[in-house]
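Q:
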Ligand code: NAD
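Quick look at the structure:
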């Protein structure tokens, strides 16, 4: 049930978020007692003081995770027990989703509507889906000669470090935790420093659901402190990281400099939205074009910011896009009528504004958008025409509401421009021609290609990037579970003569 603005506002006034770390089943301060503040970027108000975890705290969390993993309380529990507890956690998240969504909205500046969907619908679904897989992890029997029985069994990898970004704080933590826990791993989660609050609350709900002490640990802190300590820790078996390509690179180095832990990377993007000449510029296409770019204020890894439009369609497309974008309401993220909330921080707003300035300097025409004179870190949805493939706004991930239209002559040019990037996370193609759709889908080097609609897929389908948008690891689908399992061969020599 959705509530009104007044209800969400009243809830926000009564929340007193816990900013402590959660280690070995207990809330605690950082070992050195230090804290950092977390701020509501839509108002500038301080929401709370959060434990600033560093290497000493990460060491404690990893020790607890290792102990819980080795004593088998979760890793060797009957799979049906893990399943029941994760289903209970799904229920608790659903039950508390309004409180969590308000907390998330305040910590991020995201709209309450998006937070309710991510936390009320998506997060419980993830715990439920992976809970249901927990007792369906089968091994294999390999063909062998009579004198052996060759078993291939699947075991949890061990202690998982989950380092997540600020754009979908709780959902990204859940994308890692749900499959890792279903596999039987113990986890140490580091939320982004901008948005630590919902992951901390989630740990409390996990304990209430019956997840044993030490299996889930949350260490809020900065990248250079807690994040690096996780990357370099020699008793973490794998790190699943979502964030920028730049920091993803560091995690590969951390692994090389420590214990060669496995590193799963879900990184940045600069995804194309391609409209071929035969497509109809109708309401549906326009809705997908603007939502693919401006959903979550453009702070989305798969945001389709390079919109490659067939030359004869550009004018109509832009007229319709601008008309639709004018109807967006910017404002208080807690108001269900708000479509676009705030940027994550004032610094990030400045970065986005620099890109907008750069676009004009490089010769693109800004049709609408830019800065807005209101308190908080808001940026208007911005639309550029006349973008060319070499401009910085066409090549770099802006991570803000900046859509750039590049005019293309034909499908071959669209494909060449779309492929000319270091990223490979996502692409959308609109065409009525099935053969062209299949050709484009096969030729685009991206983890997800959506045809005639922008979509990241669903829980059943793997999500991740080609090229510098990720590693071979995937979130979602059964592929995510695979990340947290390893295979063991058990070769049993048998007697053939009795
Ligand atoms: P970021 O890389 O700055 O931070 C991500 C996480 O890494 C945070 O927890 C941060 O504290 C930590 N970190 C930062 N510096 C670190 C360091 N030196 N050592 C260890 N850890 C460090 O990214 P962000 O700004 O939080 O998020 C935005 C980025 O995330 C964008 O590039 C976006 O495309 C990407 N993203 C990707 C996906 C995906 O599934 N592919 C999903 C969401 C976001």
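Residue numbers (our numbering): 5 to 502. In this text, a Cβ means the ideal position worked out from N, Cα and C, and glycines have one as well.
#1: Quick one: residues in its chain with C-beta nearer than 7 Å to the C-beta of residue 411, no 5 flanking neighbours on either side, listed in chain order?
#2: In chain order, what residues of the same chain lie with their CB nearer than 7 Å to the CB of residue 96, ignoring the 5 residues before and after it?
#3: Could you tell me which uninterrupted beta strand (DSSP E) segments, each at least 3 residues in length, are contained entirely in the stretch 188–258, listed from first to last along the chain?
#4: Quick one: any contact between the stretch 373–389 and the stretch 420–440, if contact means 3 or more CB pairs under 8 Å?
#5: For residue 182 versus residue 193, is the C-beta distance shorter than 8 Å?
#6: For residue 30, does the count of other Cβ atoms within 10 angstroms reach 16, so buried, or fall short, so exposed?
#7: Given residue 94, which residues of its chain have a CB within under 7 Å of its CB, disregarding the five upstream and five downstream residues?
#8: Give the DSSP bridge partners of residue 410, in chain order.
#9: Could you tell me whether any non-hydrogen atom of the ligand NAD is closer than 7 Å to the CB of residue 355?
#10: Would you call residue 320 buried or exposed, if buried means 16 or more other Cβ atoms sit within 10 Å of its Cβ?
#11: Taking the beta strand (DSSP E) that residue 159 belongs to, which residues open and close that run?
#12: In angstroms, rounded to a whole number, what distance separates the CA positions of residue 27 and residue 101?
#13: Quick check: is any heavy atom of the ligand NAD less than 7 Å from the C-beta of residue 24?
#14: Considering only C-alpha positions, which residue in the set 179, 191, 161, 185 is nearest to residue 62?
#15: Checking the sheet assignment: what are the DSSP bridge partners for residue 276?
#16: Is the beta carbon of residue 86 less than 8 Å from the beta carbon of residue 491?
#17: Is the closest heavy atom of the ligand NAD to the C-beta of residue 305 under 7 Å?
#18: For residue 344 versus residue 303, is the C-beta spacing smaller than 8 Å?
#19: Less than 7 Å separating the Cβ of residue 428 from some heavy atom of the ligand NAD?
#20: Return the CA-CA distance between residue 118 and residue 300, expressed in angstroms with no decimal places.
#21: Have a look at the DSSP bridge pairing and note the partners of residue 32.
#22: Taking residue 34 and residue 58 to be in contact with their CB atoms under 8 Å, please state how far apart those CB atoms are, rounded to whole angstroms.
#23: Is residue 29 near the ligand NAD - that is, is its Cβ less than 7 Å away from at least one heavy atom of it?
#24: May I ask you to list the residues that DSSP assigns as paired with residue 369?
#25: With a 10 Å radius around its C-beta and 16 neighbouring C-beta atoms as the bar for buried, classify residue 73 as buried or exposed.
#26: By Cβ distance, which residues of its chain are closer than 6 Å to residue 138, with the 5 residues on each side in sequence left out?
#27: May I ask whether a heavy atom of the ligand NAD can be found less than 7 Å away from the beta carbon of residue 110?
#28: The ligand NAD heavy atoms versus the CB of residue 339: any closer than 7 Å?
#29: Ignore the nearest five residues each way along the sequence and tell me which others in residue 413's own chain have a CB closer than 7 Å to its CB.
#30: May I have the straight-line CA-CA distance separating residue 340 from residue 46, to the nearest angstrom?
#31: Please classify residue 145 as buried or exposed, where buried requires at least 16 neighbouring CB atoms within 10 angstroms.
#32: Less than 8 Å between C-beta atoms, sequence neighbours within five positions excluded: which residues of the same chain meet that for residue 23?
#33: Note the first and the last residue of the continuous alpha helix (DSSP H) segment covering residue 136.
#34: Check whether the stretch 105–123 and the stretch 157–175 touch, using three or more Cβ-Cβ pairs below 8 Å as the test.
#35: For the ligand NAD, is there a heavy atom less than 7 Å away from the beta-carbon of residue 480?
A: Taking the definition as stated:
#1: Correct list, in chain order: 313, 315, 318.
#2: So the list reads 209, 212, 213, once near-sequence residues are dropped.
#3: Those beta strand (DSSP E) runs which fall completely within the stretch 188–258 and span 3+ residues are 190–194, 220–222, 242–246.
#4: With the cut-off at 8 Å, the stretch 373–389 and the stretch 420–440 do not touch.
#5: No; because the gap between Cβ atoms is not below 8 Å, this pair is not in contact.
#6: Under this definition residue 30 is an exposed residue.
#7: Excluding sequence neighbours, residue 94 sits near 128, 131, 132, 135.
#8: Beta-bridge partners assigned by DSSP to residue 410: 312.
#9: Not one heavy atom of the ligand NAD sits closer than 7 Å to the Cβ of residue 355.
#10: Under the 10 Å beta carbon count, residue 320 is surrounded by fewer than 16 other beta carbons and is classified as exposed.
#11: Per DSSP, residue 159 belongs to the beta strand (DSSP E) from 152–160.
#12: Those two C-alpha atoms are separated by around 23 Å.
#13: No, since every heavy atom of the ligand NAD falls outside the 7 Å radius drawn around the Cβ of residue 24.
#14: Answer by Cα proximity: 191.
#15: Residue pairing for residue 276: DSSP places it in a beta bridge opposite 310.
#16: For the 8 Å CB-CB criterion, residue 86 and residue 491 do not form a contact.
#17: True, at least one ligand heavy atom lies under 7 Å from that Cβ.
#18: No, these two residues do not count as a Cβ contact at 8 Å.
#19: Outside the cutoff, so no.
#20: Cα to Cα, the separation comes out at about 8 Å.
#21: According to DSSP, residue 32 bridges with 25.
#22: That pair is a contact at about 7 Å.
#23: Shortest gap from the CB of residue 29 to any heavy atom of the ligand NAD: 7 Å or more.
#24: 389.
#25: When all chains shown are included, residue 73 counts as buried.
#26: Taken in chain order, the residues that qualify are 83, 86, 87, 186.
#27: Checking the Cβ of residue 110 against the ligand NAD gives no.
#28: No, the ligand NAD has no heavy atom inside 7 Å of this Cβ.
#29: Correct list, in chain order: 315.
#30: The alpha-carbon atoms of residue 340 and residue 46 are separated by roughly 15 Å.
#31: So residue 145 ends up on the exposed side.
#32: Contacts found: 39, 42, 52, 53, 54, 55, 200, 201, 204, 224.
#33: Start and end: 127–138.
#34: Taking 8 Å as the limit for Cβ pairs, the verdict is that the stretch 157–175 does touch the stretch 105–123.
#35: No, the beta carbon of residue 480 sits no closer than 7 Å to any heavy atom of the ligand NAD.
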